[in-house]
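Participant: The structure that follows is given in the form of structure tokens.
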Amino acid sequence: MSKQPILELNNVVTCYGRIQALKGISLKVYAGEIVSIIGANGAGKSTTLMTICNITPCESGEVLYKGQPIQGKAPDLLPPMGLCQVPEGRRIFPRLSVLENLEMGAFFRKDKDEIKRDLEYVLDLFPVLRERRRQKGGTLSGGEQQMLAMARALMSRPEVLLLDEPSLGLAPLIVRQIFSIVERISKEGMTILLVEQNANLALKIASRGYVLETGKVIMEDDAASLLQNEDIKKAYLGE
Ligand code: ATP
4 MSKQPILELN NVVTCYGRIQ ALKGISLKVY AGEIVSIIGA NGAGKSTTLM TICNITPCES
64 GEVLYKGQPI QGKAPDLLPP MGLCQVPEGR RIFPRLSVLE NLEMGAFFRK DKDEIKRDLE
124 YVLDLFPVLR ERRRQKGGTL SGGEQQMLAM ARALMSRPEV LLLDEPSLGL APLIVRQIFS
184 IVERISKEGM TILLVEQNAN LALKIASRGY VLETGKVIME DDAASLLQNE DIKKAYLGE
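Just so you know, we're using UniProt numbering here: the sequence shown kicks off at 4 and counts up by one.
Shown next, in the form of structure tokens:
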């Protein structure tokens, strides 16, 4: 683990009108880690990711990527810098084919040969997308759309992937497949910040975790310790 975090939030406050959704969030992600953010509905998990990408700008505090402040940067400047979000609800292009969706992920890149290589890589990672490569995105199942959204993000060759609720609304078998792919890309060197309601799964694959409650970090620790913590077990792990 390197000393400087690749991504860091310091005392970030984000509001929707008068509602303070993030009340001073601080967190660190080091290169190569999977860090999971867990918490109940409305705790501010998605807002944290949207704030990092400046889709929902912060009111105060700072967001540092590789030591540089990125708050205030237009969201579309971030993927070329290596920071890419897979939003909750997937937001694939329903009228475009699977291949066209994947090409959109690489829209800012000029390295054609490398793009081709990455396309083969993501189609190997998600074989079902290869089978369905000519099908329109909107005709895919929920699980396949989640895979397409992740594969599209990977086409931007991110260094840090922000994953918002990849398990949302999916059958357990598909969720296991998706989480094993998250683990695989992590082993291959990707840094991942994962937001999940399925705290059990999220902590099992993570190195560290943050617990959010009503816009605040109430606990941070190694994922293994959080999994053993009696309060976390009762509140978030269904035990
Ligand atoms: P969930 O898992 O339900 O998405 P979450 O932990 O991701 O929960 P957020 O979606 O970040 O939580 O919401 C944090 C708070 O901000 C909640 O109180 C929510 O009602 C509020 N909020 C989120 N989006 C908006 C919005 N667009 N306008 C107003 N309030 C919002």
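Using N, Cα and C, we set each Cβ at its ideal position, and we do this for glycine too.
Note that the coordinates shown come from a computational prediction; the quantities given were computed from them, not determined experimentally.
(1) To which residues of the same chain is residue 24 closer than 7 Å at the C-beta, ignoring the five residues directly before and after it?
(2) With which residues is residue 65 paired in a DSSP beta bridge?
(3) How far does the beta strand (DSSP E) with residue 53 in it reach, from first residue to last?
(4) Tell whether a beta-carbon distance below 9 Å holds between residue 170 and residue 196.
(5) Please determine, among 114, 211, 213 and 145, the residue with the shortest C-alpha to C-alpha distance to residue 175.
(6) Confirm, please, whether the CB-CB distance from residue 14 to residue 64 is below 9 Å.
(7) Give the residues whose C-beta lies closer than 5 Å to at least one heavy atom of the ligand ATP, in chain order.
(8) Distance, Cα to Cα, residue 124 vs residue 107?
(9) So for residue 213, helix, strand or coil by DSSP?
(10) Under 8 Å by Cβ, that's how I've got residue 85 and residue 162 pegged, so tell me the actual separation to the nearest angstrom.
(11) Rounded to whole angstroms, what's the CA-CA distance from residue 165 to residue 156? Just pull it up for me.
(12) Start and end of the alpha helix (DSSP H) containing residue 240?
(13) In chain order, what residues of the same chain lie with their CB nearer than 6 Å to the CB of residue 82, ignoring the 5 residues before and after it?
(14) Hey, quick one: how far does the beta strand (DSSP E) through residue 29 stretch, first residue to last?
(15) Measuring CA to CA, which of 94, 89 and 54 is closest to residue 73?
(16) For residue 67, which option in 28, 39, 20 and 213 has the closest C-alpha, if you only look at C-alpha atoms?
(17) Express the C-alpha separation of residue 69 and residue 111 in angstroms, rounding to a whole number.
(18) Count the CB pairs spanning the segment 31-47 and the segment 205-224 that are closer than 8 Å, and state whether there are at least three.
(19) Of the choices 99, 127, 180 and 115, whose alpha-carbon is the least far from that of residue 143?
(20) Could you pull the start and end residues of the beta strand (DSSP E) that residue 39 belongs to?
(21) Three-state secondary structure (DSSP) at residue 231?
(22) Taking the runs of the alpha helix (DSSP H) that are 4 residues or longer, which of them lie wholly in the segment 102-174?
(23) Which residues in the same chain have their Cβ closer than 6 Å to the Cβ of residue 129, if we skip the five residues on either side of it in sequence?
(24) If you run the structure through DSSP and keep just helix, strand and coil, what is residue 88?
(25) Does the beta-carbon distance from residue 30 to residue 220 come in below 9 Å?
Facilitator: With the structure as the only source:
(1) 17, 18, 47, 50 and 218
(2) 13
(3) Element bounds for residue 53: not the beta strand (DSSP E) but the alpha helix (DSSP H), 48-55.
(4) no
(5) 145
(6) yes
(7) 19, 24, 44, 45, 46, 47, 48, 49 and 50
(8) 16 Å
(9) strand
(10) 4 Å
(11) 9 Å
(12) Note, residue 240: premise wrong, no alpha helix (DSSP H); not H, not E.
(13) 159
(14) 22-32
(15) 54
(16) 28
(17) 21 Å
(18) yes
(19) 99
(20) 37-42
(21) helix
(22) 115-128, 130-134 and 145-157
(23) 150 and 154
(24) strand
(25) yes
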